[in-house]
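Peer 1:
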Amino acid sequence: MCGIVGYVGSQSALEVVLAGLRRLEYRGYDSAGIAVLADGGLAAARKAGKLVNLEKELAARPLPTGTTGIGHTRWATHGGPTDANAHPHLDNAGRVAVVHNGIIENFAVLRAELAERGHELFSETDTEVVAHLLAEEFSVTADLAEAMRLVCRRLEGAFTLVAAHADEPDVVVGARRNSPLVVGVGEGEAFLASDVAAFIAHTRSAIELGQDQVVELRRDGVTVTGFDGSPADVRSYHVDWDASAAEKGGYDYFMLKEIAEQPKAVADTLLGRIDASGALSLDEVRIPASELREVDKVVIVACGTAFHAGLIAKYAIEHWTRIPCEVELASEFRYRDPILDSRSLVIAISQSGETMDTLMALRHAREQGSKVLAICNTNGSTIPRESDAVLYTHAGPEVAVASTKAFLTQLVACYLVALYLGQVRGTKWGDEIRAVIRDLAQISGAVERVLETMGPVRELARSLAHKDTVLFLGRHVGYPVALEGALKLKELAYMHAEGFAAGELKHGPIALIEEDLPVVVVVPSPRGRSVLHDKIVSNIQEIRARGARTIVIAEEGDETVVPYADHLVRIPVTPVLLSPLVATVPLQVFACELATARGNEVDQPRNLAKSVTVE
Ligand code: AGP
Numbered sequence: 002m003c004g005i006v007g008y009v010g011s012q013s014a015l016e017v018v019l020a021g022l023r024r025l026e027y028r029g030y031d032s033a034g035i036a037v038l039a040d041g042g043l044a045a046a047r048k049a050g051k052l053v054n055l056e057k058e059l060a061a062r063p064l065p066t067g068t069t070g071i072g073h074t075r076w077a078t079h080g081g082p083t084d085a086n087a088h089p090h091l092d093n094a095g096r097v098a099v100v101h102n103g104i105i106e107n108f109a110v111l112r113a114e115l116a117e118r119g120h121e122l123f124s125e126t127d128t129e130v131v132a133h134l135l136a137e138e139f140s141v142t143a144d145l146a147e148a149m150r151l152v153c154r155r156l157e158g159a160f161t162l163v164a165a166h167a168d169e170p171d172v173v174v175g176a177r178r179n180s181p182l183v184v185g186v187g188e189g190e191a192f193l194a195s196d197v198a199a200f201i202a203h204t205r206s207a208i209e210l211g212q213d214q215v216v217e218l219r220r221d222g223v224t225v226t227g228f229d230g231s232p233a234d235v236r237s238y239h240v241d242w243d244a245s246a247a248e249k250g251g252y253d254y255f256m257l258k259e260i261a262e263q264p265k266a267v268a269d270t271l272l273g274r275i276d277a278s279g280a281l282s283l284d285e286v287r288i289p290a291s292e293l294r295e296v297d298k299v300v301i302v303a304c305g306t307a308f309h310a311g312l313i314a315k316y317a318i319e320h321w322t323r324i325p326c327e328v329e330l331a332s333e334f335r336y337r338d339p340i341l342d343s344r345s346l347v348i349a350i351s352q353s354g355e356t357m358d359t360l361m362a363l364r365h366a367r368e369q370g371s372k373v374l375a376i377c378n379t380n381g382s383t384i385p386r387e388s389d390a391v392l393y394t395h396a397g398p399e400v401a402v403a404s405t406k407a408f409l410t411q412l413v414a415c416y417l418v419a420l421y422l423g424q425v426r427g428t429k430w431g432d433e434i435r436a437v438i439r440d441l442a443q444i445s446g447a448v449e450r451v452l453e454t455m456g457p458v459r460e461l462a463r464s465l466a467h468k469d470t471v472l473f474l475g476r477h478v479g480y481p482v483a484l485e486g487a488l489k490l491k492e493l494a495y496m497h498a499e500g501f502a503a504g505e506l507k508h509g510p511i512a513l514i515e516e517d518l519p520v521v522v523v524v525p526s527p528r529g530r531s532v533l534h535d536k537i538v539s540n541i542q543e544i545r546a547r548g549a550r551t552i553v554i555a556e557e558g559d560e561t562v563v564p565y566a567d568h569l570v571r572i573p574v575t576p577v578l579l580s581p582l583v584a585t586v587p588l589q590v591f592a593c594e595l596a597t598a599r600g601n602e603v604d605q606p607r608n609l610a611k612s613v614t615v616e
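Residues in the sequence shown are numbered consecutively from 2, following this note's numbering.
1. Going along the chain, which residues of its own chain have a beta-carbon closer than 7 Å to the beta-carbon of residue 494, five neighbours each way excluded?
2. In chain order, what residues of the same chain lie with their CB nearer than 8 Å to the CB of residue 283, ignoring the 5 residues before and after it?
3. Tell me whether residue 563, by its Cβ, gets closer than 7 Å to a heavy atom of the ligand AGP.
4. Give a single yes or no on whether residue 307 has its beta carbon closer than 7 Å to a heavy atom of the ligand AGP.
5. What do you get for residue 66, buried or exposed, if any count of 16 or more other CB atoms within 10 angstroms of its CB means buried?
6. Counting Cβ pairs closer than 8 Å, one from the segment 218-237 and one from the segment 166-179, do we hit at least three?
7. To the nearest angstrom, how far is it from the Cα of residue 475 to the Cα of residue 481?
8. Which residues share a DSSP beta bridge with residue 48?
9. For residue 442, count the other beta carbons within 10 Å of its own beta carbon; 16 or more makes it buried, fewer makes it exposed. Which is it?
10. Can you list, in chain order, the residues of its chain whose CB lies under 7 Å from that of residue 106, leaving out five sequence neighbours each side?
11. Considering only residues of the same chain and omitting the five flanking positions on each side of residue 559, which have a CB-CB separation below 7 Å?
12. When you compare the segment 302-310 with the segment 484-504, are there three or more beta-carbon pairs, one atom per stretch, that lie closer than 8 Å?
13. Taking only three categories from DSSP, how would you classify residue 365?
14. Indicate whether residue 200 and residue 21 have their beta-carbon atoms separated by less than 8 Å.
15. Tell me the rounded alpha-carbon separation between residue 388 and residue 373.
16. Mind the definition here: the segment 189-209 touches the segment 136-151 only if three or more C-beta pairs lie below 8 Å; say whether that holds.
17. How many Å lie between residue 1 and residue 69 at the Cα?
18. In three-state DSSP terms, what is residue 319?
19. What residue from 425, 603, 10 has the CA that sits closest to residue 403's CA?
20. CA-CA distance, residue 561 and residue 337?
21. How about residue 214 and residue 191: do their beta carbons lie closer than 8 Å?
22. Compare the Cα-Cα distances from residue 444 to each of 520, 580, 17 and report the closest residue.
23. My guess is that residue 127 and residue 108 are in contact by the Cβ rule of under 8 Å, so how many angstroms apart are they, rounded?
24. By DSSP, does residue 124 sit in helix, in strand, or in coil?
25. Where DSSP assigns a beta bridge to residue 73, which residues make up the other side?
26. I'd like the span of the beta strand (DSSP E) that includes residue 349, first residue to last.
27. Can you find the residues in the same chain that come closer than 8 Å, C-beta to C-beta, to residue 224, ignoring five residues on each side of it along the sequence?
28. Taking its Cβ as the centre, do 16 or more other Cβ atoms sit within 10 Å of residue 152, making it buried, or is it exposed?
29. Return yes when at least one heavy atom of the ligand AGP lies under 7 Å from the C-beta of residue 353, else no.
30. Do you know whose CA, among 497, 37, 252, lies nearest residue 164's CA?
31. Straight-line CA distance for residue 359 to residue 62?
32. Would the beta-carbon of residue 573 fall within 8 Å of that of residue 563?
33. Less than 8 Å between C-beta atoms, sequence neighbours within five positions excluded: which residues of the same chain meet that for residue 448?
34. In terms of DSSP beta bridges, what is residue 1 paired with?
35. Spatial neighbours of residue 399 within its chain, please: C-beta separation below 7 Å, excluding the five flanking residues on both sides.
36. At a cut-off of 7 Å, would you count residue 612 as near the ligand AGP, judging by its Cβ distance to the nearest heavy atom?
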């Protein structure tokens with residue numbers, strides 16, 4: 002969950018690395034630093050706080066000009082966000098610099114051994130031990146890549162490391178275990194980064210690094226080996242995200258841009274998945290149909306917003322395939338000793354593809370012999386690489402920490418997987434599948450229409466900016482939507498927000514209702530199960546009778562709710578199971594606007610990181 006950039010080439014390393022760090026600042030922003038090789042030496046600068054603090058430092062005390070450099074934006078794990086703990090970390094001679102993402106679990110033992118050998122360490126971090134270990138190994142090998150391989154074999158835990166040594170001015174070396182690192186290959190230059198956003202302005206030719214690999218960057222190319230020095234097979238791929246996709250595109254926040262991109266993201270996620278006959282062809286799902294036909298249980302593992310997508314997917318999977326489907330918080334999953342075997346299909350949903358809780362859950366599932374299908378938004382990331390199959394969402398880079406377009410595309414991908422299971426198992430006929438695909442194809446326009454009517458929602462959000470609490474109610478697929486709406490408000494407005502199944506009100510939560518308390522109610526379509534609709538209308542009456550301010554999300558034409566809605570937000574008529582794709586959007590806009598009204602930093606909320614790569 003830190004941003005890492007490395008560069009070797011003929012451009013100014015300072016400029017290239019800083020520009021890359023700006024693109025990665027969402028990955029961690031409590032300190033930043035850079036090191037440049039120049040004039041036979043190594044120069045470094047680092048500052049606590051956001052990247053702008055480092056830029057001010059560099060303006061005041063410029064580094065020498067060089068064409069090899071590394072940089073880092075940090076999200077603290079070991080040691081607080083201070084100048085001393087900021088990366089890069091150097092050895093005592095100041096000849097080697099290293100930046101790191103992850104956790105080195107045996108750093109205390111290594112630190113003690115280094116101290117016994119006379120090394121002085123000045124930070125509280127686990128990373129600093131690596132700088133000293135590299136210096137020791139380099140003094141023997143005089144080869145940074147070999148030194149890195151030797152050091153990595155001594156480290157335990159999860160790490161991405163990128164290092165440079167003053168004695169090798171045209172080399173940058175990287176290594177990865179359980180943490181993201183991608184290589185960009187340009188003309189006479191090469192890049193290393195936590196994700197492709199850092200270098201797509203320069204090159205779209207990328208290489209994904211595998212587990213326990215070391216990469217050596219030189220101007221004329223890259224060399225990849227295992228930690229044992231054996232040559233490694235690598236897969237090159239073309240990055241199809243435009244540079245502008247990582248910019249804000251005229252919006253104040255990435256989140257606003259990404260909310261607005263949802264119609265396209267939903268449409269893009271459907272692209273290329275339906276063949277000429279109208280049947281589903283999910284070519285990345287490399288689990289043979291024969292094995293999918295044997296599946297007798299689906300288990301979805303995910304965190305946060307992705308978990309809410311899984312909760313909605315459960316309704317579709319069970320309804321369309323009649324396969325039992327469990328949805329588990331990834332952080333709880335393996336500790337409850339789940340019952341899994343070769344007939345269990347585990348679906349790991351993750352936008353970043355690097356969430357450690359989800360990664361460890363899928364590893365546990367595979368150890369039990371289950372097949373794992375990843376639903377992921379980040380090509381080449383660890384979770385899809387460690388899964389048996391993947392269905393990539395096509396949301397494009399999601400920079401804002403609060404997940405929006407990734408969530409909608411996760412839902413689309415989940416519907417596609419559910420339909421695909423129905424197709425290969427014969428529980429859905431071709432015409433039934435095509436009918437749902439046609440409905441899905443309408444969602445992009447439906448979301449566009451919702452976005453065009455959000456003025457009153459923004460106005461309502463601003464009027465509630467002073468409130469301490471907002472509750473969210475829903476039934477059926479509207480219940481996970483209520484949970485997602487509450488999460489958005491928590492993580493953006495830093496206020497108490499809680500989602501409930503509306504049927505649970507009478508079992509306790511109704512005691513929370515008081516005068517003028519805002520309660521958002523996600524109303525199921527009356528065209529689905531009318532009993533659900535009738536019951537939630539009763540729920541709205543119950544809370545209103547106790548003074549709640551009711552904010553009702555209901556589909557066009559549903560007049561029953563009008564007398565009980567203090568604020569009515571209309572959404573287009575959509576099939577019941579697909580309704581979360583439109584019902585969620587007003588809740589995203591509501592949370593973003595309320596947070597903005599409170600003056601919060603919307604794209605990088607306090608205490609949060611976009612990719613949580615530690616357990
Ligand atoms: C949601 O807005 C948050 N960003 C967070 O809950 C996120 O969904 C969760 O950390 C899972 O991340 P992933 O999808 O990258 O695995």
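Don't be surprised by glycine CBs; every beta carbon is placed ideally from N, CA and C.
Peer 2: Looking at the coordinates:
1. 592, 595, 596, 599, 601
2. 274, 392, 417, 418, 421
3. no
4. yes
5. exposed
6. yes
7. 7 Å
8. 33
9. exposed
10. 157, 158
11. 524, 527
12. yes
13. helix
14. yes
15. 5 Å
16. no
17. Nothing in the structure corresponds to residue 1, since the chain is present only between 2 and 616.
18. helix
19. 603
20. 44 Å
21. no
22. 580
23. 4 Å
24. coil
25. 5, 34
26. 345-351
27. 146, 216, 217
28. buried
29. yes
30. 37
31. 43 Å
32. no
33. 263, 264, 267, 409, 582, 583, 586
34. For the chain, the structure presents residues 2 to 616; residue 1 sits outside this window and is missing.
35. 259, 352, 378, 406, 407
36. yes
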